[in-house]
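J.: Note that the protein sequences, when read in sequence, are chains A and B.
Counted the way our numbering counts, the first sequence spans residues 407 to 971.
Counted the way our numbering counts, the second sequence spans residues 15 to 370.
Beta carbons are placed, not taken as given, at the ideal position from N, Cα and C, and that holds for glycine.
Owing to the predicted nature of the structure, the values given are computational and were not obtained by experimental measurement.
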Amino acid sequence: MTTLTPSRPAFAPSNYLTHSRGVLSWAMTLDHKRIGIMYLLGVLGSFLLGGIFALLVRTELIWPGQTIMTADQYNRAFTLHGAIMVFLVIIPSVPAALGNFVLPIMLGAKDVAFPRLNLGSFYLWVLGAVLAVLAMLSGGIDTGWTFYTPYSIEADRQGVIWVASAVFILGFSSIFTGINFIVTIHRLRPQGMTWFRMPLFLWALYATAVIQVLATPVLGITVLLLMVEKVMGIGIFDPSLGGDPVLFQHFFWFYSHPAVYIMILPAMGIVSELISVHSHRHIFGYRFIAFSSVAIAIFGFLVWGHHMFASGQSPLMNALFSMITFSVSIPSAIKVFNWLATMYRGRISLNTPMLYGLSFIFIFTIGGLTGIPLGTLATDIHLHDTYFVVAHFHYVMMGSALIAMIGGMHHWWPKMTGRMYSETAGRIGAIGVFLGFNFTFFPQFMLGSLGMPRRYFDYQAGFSQDLTELFHVYHFLSTLGSYFMALAFFWTAGYLLHSLFRGERAPANPWGGASLEWKCSSPPPHDNFAEQPAVGDCYDYDQIEWDEAAKGYRFRENYTPAAAH
Amino acid sequence: MTATILGSTAAMLAQLAPFRSDDAAGRTFWLPPGVSSEAAQVDWVFYLIYWICLFFFVLVVALMVLFAWKYRRTRAGTWAPGPTHNTPIEVTWTIIPLLLVIVIFYVGLKGYVNLIEVPANAYEVNVVARKWTWEFRHRNGATEANVLKVPRGQPVRLTIQSDDVLHSVFIPAFRIKQDAVPNRTTYAWFQADRAGTYQLFCTEYCGTQHSSMTAMVLVLEPEEFERQIAADAAWIDQVPEEQLHMAGFRLFARCASCHSLDGRRLTGPSFWETHDKWGTSQTLEAGTGTVSRVVDENYIRDSILIPQQDIVPTYPRSMPSFQGQLKARELDALIAFIRRLDEVVDRSGKPVSGVN
Ligand SMILES: [Cu+2]
Ligand SMILES: [Cu+2]
Numbered sequence: 407m408t409t410l411t412p413s414r415p416a417f418a419p420s421n422y423l424t425h426s427r428g429v430l431s432w433a434m435t436l437d438h439k440r441i442g443i444m445y446l447l448g449v450l451g452s453f454l455l456g457g458i459f460a461l462l463v464r465t466e467l468i469w470p471g472q473t474i475m476t477a478d479q480y481n482r483a484f485t486l487h488g489a490i491m492v493f494l495v496i497i498p499s500v501p502a503a504l505g506n507f508v509l510p511i512m513l514g515a516k517d518v519a520f521p522r523l524n525l526g527s528f529y530l531w532v533l534g535a536v537l538a539v540l541a542m543l544s545g546g547i548d549t550g551w552t553f554y555t556p557y558s559i560e561a562d563r564q565g566v567i568w569v570a571s572a573v574f575i576l577g578f579s580s581i582f583t584g585i586n587f588i589v590t591i592h593r594l595r596p597q598g599m600t601w602f603r604m605p606l607f608l609w610a611l612y613a614t615a616v617i618q619v620l621a622t623p624v625l626g627i628t629v630l631l632l633m634v635e636k637v638m639g640i641g642i643f644d645p646s647l648g649g650d651p652v653l654f655q656h657f658f659w660f661y662s663h664p665a666v667y668i669m670i671l672p673a674m675g676i677v678s679e680l681i682s683v684h685s686h687r688h689i690f691g692y693r694f695i696a697f698s699s700v701a702i703a704i705f706g707f708l709v710w711g712h713h714m715f716a717s718g719q720s721p722l723m724n725a726l727f728s729m730i731t732f733s734v735s736i737p738s739a740i741k742v743f744n745w746l747a748t749m750y751r752g753r754i755s756l757n758t759p760m761l762y763g764l765s766f767i768f769i770f771t772i773g774g775l776t777g778i779p780l781g782t783l784a785t786d787i788h789l790h791d792t793y794f795v796v797a798h799f800h801y802v803m804m805g806s807a808l809i810a811m812i813g814g815m816h817h818w819w820p821k822m823t824g825r826m827y828s829e830t831a832g833r834i835g836a837i838g839v840f841l842g843f844n845f846t847f848f849p850q851f852m853l854g855s856l857g858m859p860r861r862y863f864d865y866q867a868g869f870s871q872d873l874t875e876l877f878h879v880y881h882f883l884s885t886l887g888s889y890f891m892a893l894a895f896f897w898t899a900g901y902l903l904h905s906l907f908r909g910e911r912a913p914a915n916p917w918g919g920a921s922l923e924w925k926c927s928s929p930p931p932h933d934n935f936a937e938q939p940a941v942g943d944c945y946d947y948d949q950i951e952w953d954e955a956a957k958g959y960r961f962r963e964n965y966t967p968a969a970a971h
Numbered sequence: 015m016t017a018t019i020l021g022s023t024a025a026m027l028a029q030l031a032p033f034r035s036d037d038a039a040g041r042t043f044w045l046p047p048g049v050s051s052e053a054a055q056v057d058w059v060f061y062l063i064y065w066i067c068l069f070f071f072v073l074v075v076a077l078m079v080l081f082a083w084k085y086r087r088t089r090a091g092t093w094a095p096g097p098t099h100n101t102p103i104e105v106t107w108t109i110i111p112l113l114l115v116i117v118i119f120y121v122g123l124k125g126y127v128n129l130i131e132v133p134a135n136a137y138e139v140n141v142v143a144r145k146w147t148w149e150f151r152h153r154n155g156a157t158e159a160n161v162l163k164v165p166r167g168q169p170v171r172l173t174i175q176s177d178d179v180l181h182s183v184f185i186p187a188f189r190i191k192q193d194a195v196p197n198r199t200t201y202a203w204f205q206a207d208r209a210g211t212y213q214l215f216c217t218e219y220c221g222t223q224h225s226s227m228t229a230m231v232l233v234l235e236p237e238e239f240e241r242q243i244a245a246d247a248a249w250i251d252q253v254p255e256e257q258l259h260m261a262g263f264r265l266f267a268r269c270a271s272c273h274s275l276d277g278r279r280l281t282g283p284s285f286w287e288t289h290d291k292w293g294t295s296q297t298l299e300a301g302t303g304t305v306s307r308v309v310d311e312n313y314i315r316d317s318i319l320i321p322q323q324d325i326v327p328t329y330p331r332s333m334p335s336f337q338g339q340l341k342a343r344e345l346d347a348l349i350a351f352i353r354r355l356d357e358v359v360d361r362s363g364k365p366v367s368g369v370n
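1) With 7 Å as the C-beta to C-beta threshold (strictly closer), list the residues of the segment 694-714 of chain A near chain B in chain order.
2) Closer than 6 Å: is that where the CB of B:H181 sits relative to any heavy atom of ligand 2?
3) With a threshold of 8 Å on Cβ separation, who are the neighbours of A:M460 within its own chain once the five nearest residues in sequence on each side are excluded?
4) When Cβ atoms are compared, which residues of the segment 214-245 of chain B fall closer than 9 Å to chain A?
5) For A:D548, does the three-state DSSP call read helix, strand or coil?
6) Please go through the same chain and pick out, in chain order, the residues whose beta-carbon is closer than 8 Å to the beta-carbon of B:Y201, but skip the five residues on each side of it.
7) Apply the 10 Å Cβ neighbour rule to A:E560 and answer buried if 16 or more other Cβ atoms are within range, or exposed otherwise.
8) To the nearest angstrom, how far is it from the Cα of A:N421 to the Cα of A:F935?
9) Is B:R325 close to chain A, meaning its C-beta is less than 7 Å from at least one C-beta of that chain?
10) Between A:S579 and A:G514, how many whole angstroms is the CB-CB distance? I'm expecting something under 8 Å.
11) Short of 7 Å in beta carbon distance, which residues of its chain neighbour A:E923, apart from the five on each side in sequence? Order them along the chain.
12) Can you say whether A:S678 is buried or exposed, counting buried as having 16 or more other CB atoms within 10 angstroms of its CB?
13) Quick check: is the beta carbon of A:Y965 nearer than 7 Å to any beta carbon in chain B?
14) Out of B:S176, B:Q213 and B:T101, point me to the one whose CA is closest to B:P334's CA.
15) Which residues does DSSP list as the beta-bridge partners of B:L298?
16) Per DSSP, which one or two residues make a beta bridge with B:G125?
17) Only counting the same chain, and skipping five residues up and downstream in sequence, which positions put a Cβ closer than 7 Å to that of A:V796?
18) Around the Cβ of A:V429, are there at least 16 other Cβ atoms within 10 angstroms (buried) or fewer (exposed)?
19) Please determine whether the Cβ atom of B:M227 lies at a distance below 6 Å from any heavy atom of ligand 2.
20) For a cutoff of 7 Å on Cβ pairs, would you count A:Q949 as touching chain B?
21) Which class does B:K163 belong to by DSSP, given the choice of helix, strand or coil?
22) Given 8 Å as the limit, is there contact between the segment 623-635 of chain A and the segment 567-581 of chain A, that is, 3 or more CB pairs closer than that?
23) In three-state DSSP terms, what is B:M230?
24) Quick check: the Cα distance between B:E357 and B:D346, rounded to an integer number of angstroms?
25) Could you check the C-alpha separation between B:F239 and B:P165 for me, to the nearest Å?
26) Quick one: which unbroken beta strand (DSSP E) runs of 3-plus residues sit fully inside the segment 925-959 of chain A? Chain order, please.
27) So is B:M260 in contact with chain A if we call contact Cβ pairs under 7 Å?
28) Please identify, using Cβ separations under 8 Å, the residues of the segment 881-906 of chain A that lie next to chain B, in order along the chain.
29) Report the residue from B:G210, B:A39, B:G122 and B:T157 whose alpha carbon sits nearest the alpha carbon of B:E344.
30) At a Cβ threshold of 7 Å, is A:M749 touching chain B?
31) What are the residues that DSSP puts in a beta bridge with B:G210?
32) If we define contact as Cβ-Cβ less than 7 Å, is A:E954 a contact residue for chain B?
33) Are there 16 or more other CB atoms within 10 angstroms of the CB of A:M604, so buried, or fewer, so exposed?
34) Report yes if the CB atom of B:R189 is closer than 7 Å to the CB atom of B:V56, and no otherwise.
35) Interface residues of chain A around B:G1 at Cβ under 7 Å?
36) Could you check the C-alpha separation between B:N370 and B:V359 for me, to the nearest Å?
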């Protein structure tokens, strides 16, 4: 055994995992780390369920005609897939799961500002998740995750009420988490950590939290109105009662567009950390990145109408929404350039988290650029509601948001579990996910621009023969890709599980990160820090040195930063 | 007479089975053939964006790969000095994309304005979307399901309505798309420049048969178009009384999404099922309880005009009302068609031999 050195408190006999034992000690815990882990398990479980339905959907489409299920079953499967992935996986994945774990430690704090509220959010999430999944599995909701009226308020769709209540509850979980993070960042920053010394992940979480708090209530109101309409028959969205179905779309996208940024902003925050830490190079253009998060959060509220260019809304609105939509592309471009500049003259370790970071840049660039023809009026009319849109948002939501989340999981895995996973297995997994993802979704761009509409159970009945043949090629490739990606995910799950039992013990700072979470042991003790740690520049890697004994990095003692360059 | 009826019926039913369209001619890797007057401009915008995006994509990925390789870590513990920010550069890469997107927005807006500004001389067709059929009504009264006939080289305005939920008209070859919204009228226009058969899709999710809610667009030479439309408007009145059940076959296209002719249970009962219980009495679900009705002309008429009144057990309440959509004689034709179904098709839905 190695001797204990300050930089390697080793598997501290008392860490947050061993602090107390028993199911109740988890169920009633107020420790942000345990709550984060529970969220993570919930999110990964939902990801498995949503993923299984994705594979069913892809399998149905592998051949023209009916393959493994009926049209009605297909409609339920894609609804389930979409609703679970959006509401139960991507929205909570980074903020609630990783954010909960990392945010207080990055701040050098002992916990979030309101630990009880935090546990409350988690139970609301569980309640909402159980309700949603039960309602969808038993009742069979076939509206798509968008619940567009009047289809969703037709008489034989009673189950919609239950799913709507579930979404309402999940919304509150999200709002509470947002409030908690905002207050935590305002109140619990340690001495010396000014706003511009915060890690960029915290900026991203802060901007996200603001959106969560401001936008989610609108979702709540929308589903409430939906329920009022269904239960009491008051005409709001239902044309047969004098309501307006397009109004629903406005309400819905007023939340759901900003929700895209609830998904992508924290992911960008993670990538800023990944790229900087694993390039061992000070982040380039800190302020531009930080402000671009804020800019995205603000502009994100003003562009919802770009989902409705073909809905019959007025041409003037279409023009305005198209114009504002382009303003969101600028801050996103800035981030990509800044990440590249961060890599310039770095010392890049091509390890698993970094490979996920690079995957993100590749995929997000495609996802972002393909947003341009969708924001452009003339071309969106053709591309709207085709597979081009499906491909675009999977590039952004799955390929970017989710891949960043998995990259973040690998980055903080040693911190969370105290174990190292096999680096080789990790790299194989990262490359597999990357290839599988592109293999699955790239063909869908061609499908869409060639005219294949989305949410189609079949591409044979009513299709000309040559179109069936053409679409079949791309659908076939896409489905094969999805199987490949599924394998890569199972592989990843496999070596991560293996690492829990057989992995080497993780040093406090395996990558050479300089933000505060790398100062406490892996896994962190119950209180994170015995006393408030000193705060420096969290991207100044001169303060880090290799410690052979610990097989990890440590912060230099008595380090004085060089003058800013 | 019967031959013409059956001829166009065959065309109508062809869409249930895969058919050939002219969507292949002129297709490129990314886009279907552009057949309308506006398609060229839309495609121009598409490719402008495409090349700009490709440039930036290649730039980003090339730099990423280059840096990842060139600055890869060879030895632990060496750190790179380097700038942490550079305001002129950062401002530059903010401004350049900004200028580019302004240009893109502008050309996109121009193309869009052309897509919505209907020329004054446009020929108007009313489009009614209903689960899961498209109905096209011409001004001379000709009405057809799932086949849109338009003249070549003349602007056509589609006035779009929906009877139930949202649907959307999408004709890839013309680069147009417009939602059909209940209680609202929306519109779209195009001018097709090449005669042929093109495909129309529903692109707003509308339930079970969303994916087969397709239609054929037949672009005809103007004289041919005039001739066919005139014949379509008058045909039902020219059908002799004893051939009325044959005419019903042609009208059946509007029912085909929910009723089969081969005994299969779709959303509604197969017409064979209805035919077989002709004259017998059946139990129906009405409002609070059940009623018993004899299956006869009146029953069929009520089923078509006020379907919500009583429901065949085990089926959903999803039959739309055709009140005001069918001429009296068309209704008669449909009733005769169901009653004398065995004289029109066999049990597998094929026209009975010797019919023509
Ligand atoms: Cu949006
Ligand atoms: Cu549809």
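T.: So, to answer that:
1) Hits within the stretch, in order: F694.
2) Result yes, Cβ under 6 Å from ligand 2.
3) At residue 460 of chain A the sequence reads Ala, which differs from the Met that was named. Excluding sequence neighbours, A:A460 sits near H487, M491 and S888.
4) With the criterion set as a beta carbon lying under 9 Å from some beta carbon of chain A, the members of the segment 214-245 of chain B are F215, C216, T217, E218, Y219, C220, G221, T222, Q223, H224, S225, S226, M227, T228, A229 and M230, in sequence order.
5) In the structure shown, A:D548 falls within a coil segment according to DSSP collapsed to helix, strand and coil.
6) So the qualifying residues of the chain are V132, R171, L172, T173, I174 and Q192.
7) When all chains shown are included, A:E560 counts as buried.
8) Straight-line Cα distance between these residues: approximately 11 Å.
9) The question names Arg, but residue 325 of chain B is Ile in the sequence shown. No, B:I325 does not count as interfacial toward chain A.
10) Contact check for A:S579 and A:G514: beta-carbon distance about 26 Å, past the 8 Å limit, so the pair fails to qualify.
11) Taken in chain order, the residues that qualify are V508, I511, M512 and K821.
12) Around the beta-carbon of A:S678, 16 or more other beta-carbon atoms lie within 10 Å, marking it buried.
13) The beta carbon of A:Y965 sits no closer than 7 Å to any beta carbon of chain B.
14) Minimum Cα distance to B:P334 is reached at B:S176.
15) Residue pairing from DSSP places B:L298 in a beta bridge opposite B:V305.
16) Bridge partners of B:G125: none, in fact.
17) The beta carbon of A:V796 sits closer than 7 Å to the beta carbons of Q850, G854 and R860 from its chain, once the five residues preceding and following it are set aside; these are given in chain order.
18) Result: exposed.
19) Taking 6 Å as the cut-off, the C-beta of B:M227 counts as close to a heavy atom of ligand 2.
20) So, not an interface residue.
21) Strand, per DSSP.
22) Contact holds: three or more Cβ-Cβ distances are below 8 Å.
23) Three-state result, B:M230: strand.
24) In a straight line, the C-alpha of B:E357 is about 16 Å away from that of B:D346.
25) Spanning the two alpha carbons is a distance of roughly 6 Å.
26) Correct list: 950-953.
27) When Cβ-Cβ separations below 7 Å define contact, B:M260 makes no contact with chain A.
28) For the segment 881-906 of chain A, there are no residues whose beta carbon sits under 8 Å from a beta carbon of chain B.
29) Considering only alpha carbons, the answer is B:T157.
30) For A:M749, the answer is yes, since a Cβ of chain B falls inside 7 Å of its Cβ.
31) Looking at the DSSP assignment, B:G210 forms a beta bridge with B:V233.
32) For A:E954, the closest Cβ of chain B is not nearer than 7 Å.
33) Counting the other CB atoms within 10 Å of its CB gives A:M604 a total of 16 or more, which places it among the buried residues.
34) The criterion of a C-beta distance shorter than 7 Å is satisfied by B:R189 and B:V56.
35) For chain B, the structure presents residues 15 to 370; residue 1 of chain B sits outside this window and is missing.
36) Only weak support is given to the placement of B:N370: the predicted model assigns it a pLDDT of 44, under 50, and the value that follows is read from those uncertain coordinates. So the two alpha carbons sit approximately 12 Å from each other.
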